[in-house]
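Protein chains in written order, with our numbering: chain A, 1 to 295; chain B, 296 to 590; chain C, 591 to 885; chain D, 886 to 1180. This report concerns only the one structure given below.
There are 4 protein chains.
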Amino acid sequence: MTNIAFIGLGHMGNPMATRLLKAGFPVKVFDISDTAVQALVAKGAVAAKNRIEIAKDTDVVITMLQTGQQVREICIGENGLFKHLKKDALYIDSSSIDIVTTSELHNIAKQAGIHMLDAPVSGGVAAAEAGTLTLMVGGEESTFNKAKFILEKLGKKIVYAGIAGTGQAAKICNNLLLGISMIGVCEAFSLAEKLGLEAKKFFEISSNASGQCWSMTSYSPVPGLVEKVPSNNNYQPGFMAKMMLKDLRLAQHAAENAAANIPLGAEAAELYSLFVNKGFGELDFSAIIKMIAGS
Amino acid sequence: MTNIAFIGLGHMGNPMATRLLKAGFPVKVFDISDTAVQALVAKGAVAAKNRIEIAKDTDVVITMLQTGQQVREICIGENGLFKHLKKDALYIDSSSIDIVTTSELHNIAKQAGIHMLDAPVSGGVAAAEAGTLTLMVGGEESTFNKAKFILEKLGKKIVYAGIAGTGQAAKICNNLLLGISMIGVCEAFSLAEKLGLEAKKFFEISSNASGQCWSMTSYSPVPGLVEKVPSNNNYQPGFMAKMMLKDLRLAQHAAENAAANIPLGAEAAELYSLFVNKGFGELDFSAIIKMIAGS
Amino acid sequence: MTNIAFIGLGHMGNPMATRLLKAGFPVKVFDISDTAVQALVAKGAVAAKNRIEIAKDTDVVITMLQTGQQVREICIGENGLFKHLKKDALYIDSSSIDIVTTSELHNIAKQAGIHMLDAPVSGGVAAAEAGTLTLMVGGEESTFNKAKFILEKLGKKIVYAGIAGTGQAAKICNNLLLGISMIGVCEAFSLAEKLGLEAKKFFEISSNASGQCWSMTSYSPVPGLVEKVPSNNNYQPGFMAKMMLKDLRLAQHAAENAAANIPLGAEAAELYSLFVNKGFGELDFSAIIKMIAGS
Amino acid sequence: MTNIAFIGLGHMGNPMATRLLKAGFPVKVFDISDTAVQALVAKGAVAAKNRIEIAKDTDVVITMLQTGQQVREICIGENGLFKHLKKDALYIDSSSIDIVTTSELHNIAKQAGIHMLDAPVSGGVAAAEAGTLTLMVGGEESTFNKAKFILEKLGKKIVYAGIAGTGQAAKICNNLLLGISMIGVCEAFSLAEKLGLEAKKFFEISSNASGQCWSMTSYSPVPGLVEKVPSNNNYQPGFMAKMMLKDLRLAQHAAENAAANIPLGAEAAELYSLFVNKGFGELDFSAIIKMIAGS
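As structure tokens, then:
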């Protein structure tokens, strides 16, 4: 039997760990919030008190944390997980973090004889509960193949992205493009309306033309055009504006370190910064149409 | 029989006028280039020497010109077309021009008892020849209905966009979004590559995720991912970078006059300006990936 | 004696025409507002009812209007001023308008045998009253020399900028730089404050270092650092944000027509657009620090 | 006698350590380059082989390194300098690094009973040699007062900026503003020239008007207007474009962490990124006028 340890039991970590329990795996759990831990214990998980307990007899560790700094603290250093895990253990980081930290973790894991995958997810809480997340996975292909039977319990679409770090890269680049096109869609709708062109009409025209994009046709920031989107529900998230800002910052850091140019990405980050710093960070990221429209 | 006059016989005007001739309409033609006129006369058109001849016994006038200034000069003023056309004549402007000029033309046409439609097209020369253009049409709905049998000879998709000016608005807003998302796609591909994520892999992931957009899935700026796109052919256009710049400038002018905000649109315009002013204006607009990639 | 006609009697035109009267010139005045005209008549001016009266026996015409379109309407066309002025008359346009219109006016004036200067001003109402405006003047140098004795009644600093249009160019380029550096100063102060560095301290350091600029040292957007600036007075103008937006738009139009790149200028325009469209256009342009600071 | 240790003997560190030797202090030196160390030994310094030797009997340590990561590695951790220095020792970091690292260093130093100052410099190699640097200093005011007699050997202008981190903040905010205004000046000159307004004329007008800034009047990117600037010498630095990019990135990181908005700063960073990634990073930062001018 494969012994799994799951670290980070927040909005996403909770349902992901739950799915592993339901799939029959023995799961040890760890979180700084005792409440979060007890919620999983009630479903059959075992609480681990520290990194030594997390590592003991564990085959696979999965982390689902907020920042690269948090992941680094759990894994690296004298008391880090990588010192305590058995050789050939598998480590999967599903957090969305920066490329520099991911690369550093891969290197240190390798030196410690641990097989690491970076496997950030997309899809949100509902998909985590339903097991329909998309996972973008970077690392050795052989490791990917060994881990697949676990990843498939967490998501529906499991994509091998390539070498170490490319899972994070795929998520960062996709969300960079998403942030840009969402603002682009907001600008187009706002301008259209002020020129007397109805949103419904513009949607009909542009969604069948070269302006078509997911932000318009699957996640319209204008209410009433597409079903089941945050704009229909007063911009309750969904994907919060502050999380989009976080991802655009990850893209900027990645671009800085890779000597890449992302001029529109940097501008999109600044627009989300203006929006979030004004106090709207917990609205859905499509709510930025309000700022663009000037209302 | 409906007598048509066609003004502006360039790359687009030539095949459009030709289609009307083939459809059996008597077509008078006018252009400042005598060669352009003779090419149509050879196909059965009649050359008109001036605005009085253009207007005489004409039911429908169509213009396909480069700038708002050119359209204004043909139509307005003491010797303008609107002074000479018979009452209730139909005037269709298929040029892509600024909103201010379009609105002015609609107003003056109305005062002269002429029914005007703004009907810019999308699809390029090949679509003009094949009669598969998309036409976005603004003006009175009754005028639209009367004109439809002619428009249908020119394009496959004839969309009524709404009140006067909304045909131009639809095209401008769509191309604003197109310009932004193309650069967004270029930034995402460039960053992905520098992070070790292969273009093919990123395409596979993002085209099925929230980054999906027409610029990626139907017009990829990276060669070898999509068939029959300019990137496969050394960025021979297609849609020239300088034409994209022109459209982004139209969006800026429209936004300025309508008090709309288009921050990413303005930045996209500046990036195309850097690219075009550097001497690359005649390449396809997807070639901007070279500048973004820093090569 | 030199007979002067003055057209456009608004906030700036009124004190400028008044100074000419005080200097002893016979001044004919014209404005669409009768109240504005009567205010000058009370000071000794003669009201002109139309362009024929304006032109009759006039040696010098000065315009001080809002837009290029207004200047064009007064000067050009069948009933335009240029048709009625005597040969060798002098025409001075002190309006701040676009380069295209200025060039067009210079050309038509020349054909009509009229000597034109573009001579936009800087300095505001107080300087107009005190005769301490700066005038940037474009046109033939010989014309400039002939006009100088009049210009010196209006301003203290009369700078010959060069060929036709360069007066406007000087004002546009200066204000482009002013708009950019004002926002730069706002960003630097805002960031400094959030990093725990007091505004007073940052001012002391940067005003003596490479960040020094007029926007900081003579017009600080942070209250309490410099005397007699709008920030000390709740951002009552001074120079309104909407006027800065107008000037940044003129710079964009000029750049578009001249194939010049102004990426920061375009971004500055968009930031002022967000600010003005949100309803703050009548505050001083330094008030944009509120938007940057996120308050 | 005050025993000083100096770490980091590059272009700036070398002349700074030399000045301390000349002032009569005993100076221990350390660098990863043995050549760099020997150059100072030849002037009377003593070579230290490791952090234990650096710390032994030392009253004051000064670091002049490239990145926050380098400073962190020297100071923090089991073998870090802070573990080995005697209590109440003084630590001065003159490197230009990020705010987060500076704050972290201040905290750890304090816990170790070490008095730290962040004291980045401006002025370049020539000023380092002449002892005319400007030092912006953050930390306890009492520490600043104790350190002043040493700092005065290094620079002419020693400014106390405030609490811990404000030395770095002052440098970052000043250079943020410098980067923005330099590009603003380049845009204004480029546009002016394309509008027929000579650079010399525009300089004369704007340097006496509201566009005035240090980037124009003391460091003109157009050759021939100001003496002794890099533009007169084919843009040999001076201050390299890649160093400006580094500082603009520091500003972005600071803004991200402080929830501040710097839209023009982000755009300026992207423009320098385009310029540096194209291969021009070792030219003076004023050379970006070439990219703006499109040549």
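Using N, Cα and C, we set each Cβ at its ideal position, and we do this for glycine too.
Identification of chain C residues near K278 (chain A) by a Cβ-Cβ cut-off of 8 Å yields G884, ordered along the chain. Counting the other CB atoms within 10 Å of its CB gives Q1097 (chain D) a total of 16 or more, which places it among the buried residues. At a beta-carbon threshold of 9 Å, the residues of chain C lying near E1072 (chain D) are C763, L766, L767, I770, A841, A845, A850, N851, I852, P853, L854, G855, ordered along the chain. Residues of chain C with a Cβ closer than 9 Å to the Cβ of L569 (chain B) are, in chain order, N851, P853. Neighbours of A564 (chain B) in chain C, taken as residues at a C-beta separation under 8 Å, are given in chain order as A856. As a beta-bridge residue in DSSP terms, V27 (chain A) pairs with A:I4. Contact check between the stretch 683-693 of chain C and the stretch 650-661 of chain C: three or more CB pairs, one atom from each, fall below 8 Å, which counts as touching. Among the residues of the stretch 151-171 of chain A, those with a Cβ less than 7 Å away from any Cβ of chain B are V159, A161, G162, I163, G165, T166, A169, A170, in the order of the chain. For R544 (chain B), the closest of B:A561, B:A555, B:L472 by C-alpha to C-alpha distance is B:A561. Residue nearest to L472 (chain B) within the set A:G162, A:I262, A:S181 is A:S181 (criterion: CA-CA distance). With the criterion set as a beta carbon lying under 8 Å from some beta carbon of chain A, the members of the stretch 496-509 of chain B are K496, F497, E499, I500, S501, N503, A504, S505, G506, Q507, C508, W509, in sequence order. One alpha carbon belongs to F325 (chain B), the other to A404 (chain B), and they sit about 20 Å apart. If you draw a straight line from the Cα of G1016 (chain D) to the Cα of Y1104 (chain D), it is about 21 Å long. Residues of chain D whose Cβ lies closer than 8 Å to the Cβ of M726 (chain C) are, in chain order, I1090.
S295 (chain A) is not a Cβ neighbour of S231 (chain A), given a cutoff of 8 Å. Within the same chain, M240 come within 6 Å of E282 (chain A) by CB-CB distance, once the 5 residues on both sides are set aside. Taking a cut-off of 8 Å for Cβ pairs, the stretch 446-460 of chain B and the stretch 118-128 of chain A do not touch, as fewer than three such pairs fall below it. The C-beta distance from L966 (chain D) to I977 (chain D) rounds to 12 Å, too long to fall under 8 Å, and the pair is not in contact. Taken through DSSP and simplified to helix, strand or coil, G1069 (chain D) comes out as helix. For secondary structure counted as the beta strand (DSSP E) over 3 or more consecutive residues, the stretch 967-996 of chain D holds these complete runs in sequence order: 975-978. Straight-line measurement puts the Cα of A407 (chain B) at about 51 Å from the Cα of K747 (chain C). For K451 (chain B), the enclosing beta strand (DSSP E) begins and ends at 450-457.
Three or more beta-carbon pairs separated by less than 8 Å are not found between the stretch 256-274 of chain A and the stretch 311-327 of chain B, which leaves the two stretches without contact.
Judged by their CB atoms, A192 (chain A) and A464 (chain B) are nearer to each other than the 8 Å cut-off. For K194 (chain A), the nearest CB of chain B lies under 8 Å from its own CB, placing it at the interface with that chain. In this structure, T1051 (chain D) sits away from G774 (chain C), with a CB-CB distance that is not shorter than 8 Å. A direct Cα-Cα distance of roughly 8 Å separates A679 (chain C) from V651 (chain C). For T948 (chain D), the uninterrupted beta strand (DSSP E) run begins and ends at 945-948, by DSSP. For D647 (chain C), no alpha helix (DSSP H) run applies, since DSSP gives it neither H nor E. Collapsing the DSSP output to three states places A932 (chain D) in a strand. For M296 (chain B), the number of other beta carbons within 10 angstroms of its own is below 16, and it is reported as exposed. At least one CB atom of chain C sits nearer than 8 Å to the CB of I984 (chain D). Beta bridge pairing from DSSP links T1019 (chain D) with D:S1007, D:K1042.
The CB of E1026 (chain D) never comes closer than 8 Å to any CB in chain C; the least such distance is about 12 Å.
Interface flag for L905 (chain D) against chain C is unset, since no Cβ pair is found closer than 8 Å.
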